[in-house]
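Residue numbers (numbering that gives the first Met the number 0), protein chains in the order written: chain Y, 0 to 121; chain H, 0 to 121; chain V, 0 to 121; chain C, 0 to 121.
Glycine included, every Cβ here is placed at the ideal spot set by N, Cα and C.
From a predicted model like this one, the values you see are computed outputs, not experimental measurements.
Protein chains: 4
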Amino acid sequence: MNVDEKYFKIISKRERAIFEGAITMGALFHQFIGTPVSLKTVDGIEKAIKEAMQLQPCINEVKIMINREMLEHLKSEYQYVSLSGDMLDIKVFSEYEGNLAVIRMKFIEELQYPLMYVEEVK
Amino acid sequence: MNVDEKYFKIISKRERAIFEGAITMGALFHQFIGTPVSLKTVDGIEKAIKEAMQLQPCINEVKIMINREMLEHLKSEYQYVSLSGDMLDIKVFSEYEGNLAVIRMKFIEELQYPLMYVEEVK
Amino acid sequence: MNVDEKYFKIISKRERAIFEGAITMGALFHQFIGTPVSLKTVDGIEKAIKEAMQLQPCINEVKIMINREMLEHLKSEYQYVSLSGDMLDIKVFSEYEGNLAVIRMKFIEELQYPLMYVEEVK
Amino acid sequence: MNVDEKYFKIISKRERAIFEGAITMGALFHQFIGTPVSLKTVDGIEKAIKEAMQLQPCINEVKIMINREMLEHLKSEYQYVSLSGDMLDIKVFSEYEGNLAVIRMKFIEELQYPLMYVEEVK
Chain Y
0 MNVDEKYFKI ISKRERAIFE GAITMGALFH QFIGTPVSLK TVDGIEKAIK EAMQLQPCIN
60 EVKIMINREM LEHLKSEYQY VSLSGDMLDI KVFSEYEGNL AVIRMKFIEE LQYPLMYVEE
120 VK
Chain H
0 MNVDEKYFKI ISKRERAIFE GAITMGALFH QFIGTPVSLK TVDGIEKAIK EAMQLQPCIN
60 EVKIMINREM LEHLKSEYQY VSLSGDMLDI KVFSEYEGNL AVIRMKFIEE LQYPLMYVEE
120 VK
Chain V
0 MNVDEKYFKI ISKRERAIFE GAITMGALFH QFIGTPVSLK TVDGIEKAIK EAMQLQPCIN
60 EVKIMINREM LEHLKSEYQY VSLSGDMLDI KVFSEYEGNL AVIRMKFIEE LQYPLMYVEE
120 VK
Chain C
0 MNVDEKYFKI ISKRERAIFE GAITMGALFH QFIGTPVSLK TVDGIEKAIK EAMQLQPCIN
60 EVKIMINREM LEHLKSEYQY VSLSGDMLDI KVFSEYEGNL AVIRMKFIEE LQYPLMYVEE
120 VK
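Here it is as structure tokens:
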């Protein structure tokens with residue numbers, strides 16, 4: 000079956016790149032929020048999240064930066080926290096037939112919200 | 000702050016509708032996959048998932064159909080299963096300033112994959 | 000197959016009740032953390048979480064209280080938040096052959112941590 | 000605050016080990032089910048899951064084995080799958096003051112269910 004022909008013919012190549020990047024950003028957030036994380040494990044979990052999400056259709060690269068500063072000043076005696084939206088800065092690079100969309104998520108202080116938006120399309 | 004002005008000016012209104020619908024579809028799948036579900040609880044969990052995802056930006060409506068047939072023939076003596084991709088048929092209706100995108104997810108037997116695609120844009 | 004006989008003969012009935020309650024508490028937290036929630040949807044999501052977790056082995060009842068006060072004072076313009084550990088107070092009632100364990104989770108300010116503990120066994 | 004004194008005095012040391020191991024097993028399952036995984040990424044995700052769950056109280060070690068055979072024969076053209084219960088074999092080693100509990104999860108064909116049980120306590 001030609002999936003692109005059958006399921007995606009009503010949108011442009013540029014829209015397809017945006018679509019796939021957006022799916023992956025929503026997926027990443029809701030899959031991994033809640034995961035226990037500490038300064039000691041943060042490199043490994045970043046790498047695993049990146050590799051998992053790069054498996055999804057059209058995803059060239061995922062850059063994920065978990066805020067180390069928030070892990071350094073853990074008030075909990077347990078020395079780890081549940082991964083939350085305010086700790087994350089993520090870029091998803093999604094490409095479909097030469098069209099590249101860069102989807103970004105970062106926590107916007109003014110909104111008190113981890114905003115997902117389209118940073119660049121080319 | 001005008002969020003639309005600041006973060007979304009590089010994409011069209013139509014692309015914005017597609018973008019927000021795709022985020023919600025990826026989010027829904029990865030938030031709720033794994034949830035225990037049975038014939039007795041399926042109506043309630045469908046409603047809760049629908050209401051949760053309708054909170055997200057631009058989402059007008061979410062229609063979620065969990066396959067009852069798969070719940071009727073549970074081989075497990077435990078009479079429930081973990082929600083999985085092959086049980087789901089979902090439509091997300093996303094609208095931005097008069098542009099409506101219908102994002103669909105259903106399990107495609109031929110692909111053995113829960114495909115997310117754009118069913119309609121108007 | 001007699002599951003209890005085969006897989007649980009090395010622990011007491013009291014331990015079994017504690018075991019099953021603890022599984023369900025860990026499961027509940029990591030399944031639903033991240034779910035979008037607002038004052039409008041909080042009753043429905045509480046009910047759905049309760050019903051889902053009551054499907055698990057030995058679980059008689061789940062009482063879940065999401066903090067309404069935190070939902071009333073949403074600073075985000077989006078009028079909803081991702082469910083997080085500091086918003087939750089949960090009791091899981093787990094029973095095995097007359098032995099009842101009450102597992103509790105609540106956010107302990109002093110620890111800055113959503114502590115899971117055994118509140119009562121009888 | 001002495002957490003053990005305040006919150007755990009009604010259970011034995013052995014019960015505490017079982018309790019903490021069970022929480023971690025329930026947590027692991029519901030946090031990571033749904034994660035995209037392939038033969039190429041399976042080593043990394045196993046390591047990240049192990050490290051994340053070892054952060055939890057009393058957890059000495061987590062051994063997680065994702066079934067490679069199921070990843071080798073992917074019918075999907077997408078060459079990855081969502082992590083599911085039938086792919087997992089997990090051991091959680093939980094210790095509290097000299098009492099060690101080994102909690103196991105594996106998929107039992109006869110039950111068609113990923114059973115969590117206590118394999119050993121010493």
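Within chain H, partners of residue i - CB distance below 7 Å
i, result
"residue 30 of chain V", "33, 34"
Cβ-Cβ distance between residue i and residue j below 9 Å
i, j, result
"residue 77 of chain C", "residue 79 of chain H", "no"
"residue 44 of chain H", "residue 50 of chain V", "yes"
"residue 10 of chain V", "residue 18 of chain V", "yes"
"residue 102 of chain C", "residue 86 of chain C", "no"
"residue 61 of chain V", "residue 110 of chain C", "no"
"residue 21 of chain V", "residue 47 of chain C", "no"
"residue 14 of chain C", "residue 14 of chain V", "yes"
8 Å Cβ shell around residue i - same chain, five flanking residues per side excluded
i, result
"residue 71 of chain H", "38"
"residue 81 of chain C", "32, 33, 34, 35, 36"
"residue 16 of chain H", "57, 93, 94, 95, 98, 99, 100, 120"
"residue 41 of chain H", "65, 67, 70"
"residue 73 of chain Y", "37, 79, 80"
"residue 25 of chain H", "115"
"residue 29 of chain V", "none"
Minimum Cβ-Cβ distance from residue i to chain H less than 9 Å
i, result
"residue 95 of chain Y", "no"
6 Å Cβ shell around residue i - same chain, five flanking residues per side excluded
i, result
"residue 88 of chain V", "64, 105"
"residue 27 of chain C", "52"
"residue 23 of chain C", "52, 55, 58, 91"
"residue 66 of chain C", "86"
"residue 12 of chain V", "95, 96, 98"
Partners in chain H for residue i, counting only beta-carbon separations shorter than 8 Å
i, result
"residue 109 of chain Y", "0"
Neighbour list for residue i in chain V, Cβ cutoff strictly below 8 Å
i, result
"residue 44 of chain C", "Correct list: empty, because the minimum Cβ distance to chain V is about 16 Å."
"residue 47 of chain C", "By Cβ distance, chain V contributes nothing, its closest Cβ being about 15 Å from residue 47 of chain C, past 8 Å."
"residue 10 of chain C", "17, 117, 120"
Interface residues of chain V facing residue i [CB-CB closer than 7 Å]
i, result
"residue 51 of chain H", "34, 35, 36, 40, 44"
Close Cβ partners of residue i (< 7 Å) along its chain, the five nearest in sequence each way excluded
i, result
"residue 122 of chain V", "This structure cannot speak to residue 122 of chain V, because chain V is shown only from 0 to 121."
"residue 117 of chain Y", "17, 100, 102"
"residue 7 of chain Y", "15"
"residue 0 of chain Y", "none"
9 Å Cβ cutoff, residue i in contact with chain V
i, result
"residue 92 of chain C", "no"
"residue 54 of chain C", "no"
Neighbour list for residue i in chain C, Cβ cutoff strictly below 7 Å
i, result
"residue 99 of chain Y", "Chain C residues near residue 99 of chain Y: none, gap ~20 Å exceeds 7 Å."
Chain B contact residues for residue i, given Cβ-Cβ distances below 9 Å
i, result
"residue 106 of chain H", "Absent from the structure is chain B; the protein chains it does hold are Y, H, V and C."
Below-9 Å beta-carbon distance, residue i vs any chain Y residue
i, result
"residue 119 of chain H", "yes"
Just by C-beta distance, which residues in the segment 13 to 24 of chain Y are closer than 8 Å to chain C? none
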